[in-house]
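One structure below.
Protein chains in written order, with full-length UniProt numbering: chain A, 1 to 439; chain B, 1 to 383.
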């Protein structure tokens, strides 16, 4: 049996502490040149797609904008559309929220991107229900938590109705007969659902991909079911090899229920990496990056999120506080809340005592280390092994530096994956669907 | 006296039968890339891109089932972004509605266009009063538009849409200002990426929506991208005077031009006034237009004055209107690319010969080309 192909995407470094802005090589997070650099690097490496995450309100801690990580980002689809002009094959995907958008408008924007990129658009469907972000929108954040996946599913179904509403041959544009659109080829869409009530005609012909690639992120049972029913790609949380294999088997098994084949849903966990000429050097580089990701102030901020208190007086290089966590309310807004803070605090205390860790060392220890650490050969081998073991179909690479954080991976790891014949030597198709082997 | 020149891009041109002349693929990026690079070659100030959240129609509201005219259109903000890397000096002014869109999304979309274009973004803010478009969203119901109403903009629900549009522009400007220019500090010693005293809540609460802020997007290169609006009557003039930097008006004679300028100047001293003209250019312009009218089965009708003639004759008209106080022109080419090339190669040379148009781009931003100062953030403390 032939070896499975590895799929790779590139995540533009985002607004969390994975992104190291204190490094002297760190460039602008907003200049278009940074996006161009990373996208062109990804395309040079023949990656499947480039990805932008979303955050529609600046994160806050203790009632003020969180200022320790990168702050600020562009509107994703606008940047992707501009990147379509400077790339030829690279898929262009972004997270776009279904709570704060309307299907007609978003389906139209995604179709526009698909047309203008020659079939390279991808959409990571998320649905939030937080009033904090909702304060920036007409709609507010009133969505009931239980309705989230229902709304997402209805949003995707309706979007696909709109994308399908022009017959594939609708545009004749024949000057000799004077027929621009074929009679009856622009269909009337009528949708009445729990969340949306939409009727009329769509404004765009079917895009090059038919439907832009739909991505889903989330590990809950509902999330997996949603992905099995609707998504082309799932961003899974990265676990160990065994955990990854269980997740993979579970999600792929669900596809049959929807009449879908296993290859029609690609499983791509996020992955960070640190490289070195030797295993020791790579480990050293990884440790340096981790210390930069968890600066002294960031360490305290992490602790405050668990303790629910102002701990700014503590020495980050000193021991954990004796004071107990305040469980009444969280200090942080705009990010996923930490569940069961009392238990987390107890666990952290025990770990710090056992290993004799300072606050900063503890936070470095408990927040994710790099997924892949090693020589280029070692990392290529690990990636290949994960994919061949059915723990993933590939990875979304998350560099820690803007914009050059992917350069070394593309220059040193990609050629080794190509040598192993598990990664494309060049693009063989034009669309993102082609790259992902979805058709 | 010099004039500003813009062109309004839409489909295959503004004559509904224009697509039958050259049969362009209006759904290809190449079509639009060719047009905008031609406009930049002609040193024009900016291009606008038409848009609406519904299909084109000859009816005032709802689809008309016609199959012989261009139907279908890209999202204009994304199209403008797609064109930004292909150009370096010309302004890009997409249409985005204020009625069904989220003001926050429009604000960050236009701010991002300004970032990707290096300070060349504008926004043509437009309301949508059509009941058919409201049904695409299913959130609001609008009464059908009465085609015989003497002034559709005076209808009560339209009045509200303009009030909402003014709020949407206000929110956008506050969001653009919500990051001071020097908010990003990257202070390694204190671990702070931004100075949060330089990030501000927009705290807008109005009749139609409220928006907290700050923007998620750092301040655009122009500070505030250029806001523009098309206006035909008193209420939209007031909207433009209160909210826009540039207004497009539609006089049909130099007397009308003078009257419109007078009316608007009473509302605003510094709004830039552009006149729209739908143009067929060249020695055979009248014949070309007549042929297209025949293909379409009707004589072309437009809100803007329709001009047919040579670029020399058009230059006469523009300079006459310039003397009436019109500062620039948004020309709507009858058929693309022919009438655009007449503008970029013929009209610009003719005007230049009369000392009325630039020889080279004199600024790197759209504000710079229009002579508009870069505004300081309203939240910045004057030191």
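Quick reminder that beta carbons are idealized off the backbone N, C-alpha and C, glycines included.
Taking C-beta to C-beta, are residue i and residue j nearer than 8 Å?
i: residue 113 of chain A; j: residue 92 of chain A; result: yes
i: residue 205 of chain A; j: residue 121 of chain A; result: no
i: residue 324 of chain B; j: residue 254 of chain B; result: yes
i: residue 101 of chain A; j: residue 104 of chain B; result: no
i: residue 388 of chain A; j: residue 3 of chain A; result: yes
i: residue 290 of chain A; j: residue 360 of chain A; result: no
i: residue 76 of chain B; j: residue 95 of chain B; result: yes
i: residue 42 of chain A; j: residue 50 of chain A; result: yes
i: residue 241 of chain A; j: residue 391 of chain A; result: yes
i: residue 68 of chain A; j: residue 12 of chain A; result: no
i: residue 292 of chain B; j: residue 15 of chain B; result: yes
i: residue 19 of chain A; j: residue 367 of chain A; result: no
i: residue 314 of chain B; j: residue 307 of chain B; result: yes
i: residue 224 of chain B; j: residue 173 of chain B; result: yes
i: residue 54 of chain B; j: residue 203 of chain A; result: yes
i: residue 127 of chain A; j: residue 95 of chain A; result: no
i: residue 289 of chain B; j: residue 334 of chain B; result: yes
i: residue 257 of chain A; j: residue 308 of chain A; result: no
i: residue 418 of chain B; j: residue 73 of chain A; result: Shown here, chain B extends from 1 to 383; a query on residue 418 of chain B therefore has no answer.
i: residue 237 of chain B; j: residue 244 of chain B; result: no
i: residue 275 of chain A; j: residue 376 of chain A; result: yes
i: residue 43 of chain B; j: residue 258 of chain B; result: no
i: residue 33 of chain B; j: residue 24 of chain B; result: no
i: residue 135 of chain B; j: residue 199 of chain A; result: yes
i: residue 29 of chain B; j: residue 116 of chain A; result: yes
i: residue 214 of chain A; j: residue 201 of chain A; result: no
Measuring CA to CA, which of the options is closest to residue i?
i: residue 365 of chain B; options: B:19, B:29, B:25, B:45; result: B:45
i: residue 160 of chain B; options: B:124, B:235, B:17; result: B:235
i: residue 29 of chain A; options: A:163, A:162, A:79; result: A:79
i: residue 5 of chain A; options: A:314, A:266, A:406; result: A:266
i: residue 415 of chain A; options: A:20, A:47, A:31, A:14; result: A:47
i: residue 61 of chain B; options: B:131, B:345, B:38; result: B:131
i: residue 5 of chain B; options: B:165, B:239, B:277; result: B:277
i: residue 103 of chain A; options: A:235, A:158, A:66; result: A:158
i: residue 176 of chain B; options: B:262, B:64, B:115; result: B:115
i: residue 439 of chain A; options: A:233, A:65, A:396; result: A:233
i: residue 168 of chain A; options: A:145, A:148, A:208; result: A:208
i: residue 148 of chain A; options: A:225, A:175, A:82; result: A:225
i: residue 349 of chain A; options: A:365, A:339, A:336, A:335; result: A:365
i: residue 329 of chain B; options: B:362, B:249, B:285; result: B:249
i: residue 170 of chain B; options: B:205, B:148, B:153; result: B:205
i: residue 370 of chain B; options: B:268, B:143, B:64, B:246; result: B:246
i: residue 80 of chain B; options: B:9, B:56, B:297; result: B:9
List the DSSP bridge partners of residue i.
i: residue 4 of chain B; result: B:328
i: residue 267 of chain A; result: A:234
i: residue 210 of chain B; result: B:205
i: residue 333 of chain B; result: B:279
i: residue 190 of chain A; result: A:199
i: residue 272 of chain B; result: B:246
i: residue 307 of chain B; result: B:279
i: residue 273 of chain A; result: A:372
i: residue 49 of chain B; result: B:9, B:94
i: residue 228 of chain B; result: B:124, B:246
i: residue 397 of chain A; result: A:10, A:271
i: residue 184 of chain B; result: B:194
Looking at residue i and the ligand PLP, is the gap between the Cβ and the nearest heavy atom below 7 Å?
i: residue 396 of chain A; result: The ligand PLP is not part of the structure shown, which contains no ligands of any sort.
Enumerate, from N- to C-terminal direction, the unbroken beta strand (DSSP E) stretches of 3 or more residues contained entirely within the region 333-378 of chain A.
-> 372-374
What residues from the region 84-116 of chain B come within 8 Å of chain A, judged by C-beta to C-beta, listed N to C?
-> 84, 85, 86, 100, 101, 102, 103, 104, 105, 108, 109, 111, 112, 113, 115, 116
What residues from the region 273-293 of chain B come within 8 Å of chain A, judged by C-beta to C-beta, listed N to C?
-> none
Quick one: which unbroken beta strand (DSSP E) runs of 3-plus residues sit fully inside the region 134-178 of chain A? Chain order, please.
-> 171-174
Note down, one range per segment and in chain order, each beta strand (DSSP E) of at least 3 residues found wholly within the region 38-80 of chain A.
-> Listed in chain order, the complete beta strand (DSSP E) runs (minimum 3 residues) inside the region 38-80 of chain A are 49-52.
Taking a Cβ distance cut-off of 9 Å, strictly less, list which residues of the region 190-218 of chain B are near chain A, in chain order.
-> 190, 191, 192, 193, 194, 195, 196, 199, 202, 208, 209, 210, 211, 212, 213, 214, 215, 216, 217, 218
Against chain B: residues of the region 277-297 of chain A by CB proximity under 7 Å | Under the 7 Å Cβ criterion, the region 277-297 of chain A contributes 295, 296, 297.
Short-range partners of chain B found in the region 75-91 of chain A, where Cβ spacing is below 7 Å | 75, 77, 78, 79, 81, 82, 84, 85, 86
Along the region 22-35 of chain B, what residues have a CB closer than 9 Å to any CB found in chain A?
-> 22, 23, 24, 25, 26, 27, 28, 29, 32, 33
Unbroken beta strand (DSSP E) runs of length 3 or more, entirely within the region 101-148 of chain B: which are they?
-> 122-126
Pull out every residue of the region 93-105 of chain A whose Cβ sits closer than 7 Å to any Cβ of chain B, in chain order.
-> So the list reads 100, 102, 104, 105, given in the order they occur along the chain.
Name, going along the chain, the residues of the region 194-210 of chain A whose beta-carbon falls closer than 7 Å to a beta-carbon of chain B.
-> 196, 197, 198, 199, 200, 201, 203, 204, 205
Using a beta-carbon distance cut-off of less than 7 Å, what residues from the region 45-65 of chain B approach chain A?
-> 53, 54, 55, 63
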